[in-house]
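A short worksheet on the structure shown next.
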Amino acid sequence: MELPKLNFQETFDFKFKKDKDKFFIYDLVRKTYLLLTPEEWVRQHWIHYYLTVKSYSTSALITEKKIVLNGLTKRIDLLVTEKTEPVILIECKAPQIKLTEKTFEQTARYNSIIGAKEIVLTNGLQHIHAYYENEQYVFYKPE
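108 is the number of the first residue of the sequence shown in this note's numbering; add one for each residue after it.
As structure tokens, then:
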């Protein structure tokens, strides 16, 4: 399986397995193998980033959490917490998906329910970082 090289300085040690013609990647948070989709490839990079580079514990990371937005059930991709408080909401898209104002607005709507201080919209190649201040999002480039 040909996986795109994503825009991370670090390289991570992923575990894969193949069953019939499908590939799976091991999720350190859920402690199980998940179907390796392009979006999952991006999410797993972020999970490894927060565990290895930022030294968060697996219990601080929440994946696929259900939220209800305007009466519809949605799932957030990844939430980083500190002392159970939401800190960073990461919305992952497949690498071929363009990040637009519309996809950012989706992330911001999810965060209106979650209330994280910061959001990251990513397709693995491009990462858009913003923090919420004075009732608006301020974009920034991390160090």
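Note that the Cβ used here is the ideal one computed from N, Cα and C, for glycine as well.
C-beta atoms of residue i and residue j nearer than 7 Å
| i | j | result |
| --- | --- | --- |
| arginine 150 | leucine 206 | no |
| threonine 180 | lysine 173 | yes |
| tyrosine 217 | isoleucine 183 | yes |
| isoleucine 154 | leucine 143 | no |
| valine 136 | threonine 165 | yes |
Coil, strand or helix - residue i by DSSP
| i | result |
| --- | --- |
| tyrosine 163 | coil |
| valine 149 | helix |
| glutamate 104 | One cannot answer for residue 104 here, as it falls past the ends of the chain, which runs 108 to 250. |
| glutamate 212 | helix |
| leucine 158 | helix |
| isoleucine 169 | strand |
7 Å Cβ shell around residue i - same chain, five flanking residues per side excluded
| i | result |
| --- | --- |
| alanine 167 | Val187, Thr188 and Glu189 |
One or two residues paired with residue i in a DSSP bridge
| i | result |
| --- | --- |
| tyrosine 247 | His236 |
| glutamate 198 | Leu228 |
| aspartate 134 | Thr139 |
6 Å CB neighbourhood of residue i in its chain, flanking five on each side removed
| i | result |
| --- | --- |
| tyrosine 247 | His236 |
Between the segment 199 to 215 and the segment 226 to 237, are three or more C-beta pairs nearer than 8 Å? yes
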